[in-house]
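Visitor: First, the structure itself, so that you have it in front of you.
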Amino acid sequence: MENLLIIGCGDIARRTIPLLSGHFKLYALVRDPGRAAALRSAGVTPIVGDLDQRRSLHRLAGLAQVVLHLAPPDGRGAQDGRTRNLLAVLG
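Residue numbering for the sequence shown follows my numbering, beginning at 6 and increasing consecutively.
Spelled out as structure tokens, the structure:
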């Protein structure tokens, strides 16, 4: 079974988790550690980190074969720093 990493655990991700859980081992990046328990109860392994803080993302490197990126851009201009940070870590 392949690992799937979810980035951006909002409404769409929460609705998608039940559809993916039988096909992938699920991991999810969460900024708020308080949301980790809800993800665990849905069968997802939470990883605490912040897309705005590249240093907090290093545990994601090599973790998953598939990435579902649902996080919004940071809204600070034409460049998406959050996606840039994620891609830098994932390689």
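Every residue, glycine too, gets a C-beta built ideally from N, C-alpha and C.
Model, not experiment: these values are computed from the prediction.
Pull the bridge partners of His28 from the DSSP assignment, please.
Guide: Position 23 of the sequence shown holds residue 28. His28 pairs with nothing; no bridge assigned.
Visitor: Which partner residues of Thr50 appear in the DSSP bridge assignment?
Guide: Residue numbering aside, residue 50 sits at position 45 when the sequence shown is read from its first letter. In DSSP, Thr50 forms a bridge with Tyr32.
Visitor: By Cβ distance below 8 Å, which residues in the same chain neighbour Arg4 in space, the five residues on each side in sequence not counted?
Guide: Examination of residue 4 is not possible in this model, given that the chain is present from 6 through 96 alone.
Visitor: Under 8 Å, with one C-beta from each stretch per pair, do the region 69 to 87 and the region 39 to 46 reach the 3-pair mark?
Guide: No, the region 69 to 87 is not in contact with the region 39 to 46.
Visitor: Tell me the DSSP secondary structure of Leu75 in three-state form.
Guide: By one-based count along the sequence shown, residue 75 stands at place 70. Note: Leu75 maps to coil in three-state DSSP.
Visitor: In three-state terms, what does DSSP make of Leu65?
Guide: Numbered from its first residue, the sequence shown carries residue 65 at position 60. Leu65: helix per DSSP, three-state reduction.
Visitor: If the criterion is Cβ atoms closer than 9 Å, does the pair Leu34 and Leu9 meet it?
Guide: Position 29 of the sequence shown, counted from the first residue, corresponds to residue 34. Position 4 of the sequence shown, counted from the first residue, corresponds to residue 9. In this structure, Leu9 does not lie closer than 9 Å to Leu34 by Cβ.
Visitor: Count the other C-beta atoms from every protein chain shown that fall within 10 angstroms of the C-beta of Ile17, then say buried if there are 16 or more, exposed otherwise.
Guide: Here residue 17 refers to the residue found at position 12 of the sequence shown. Exposed.
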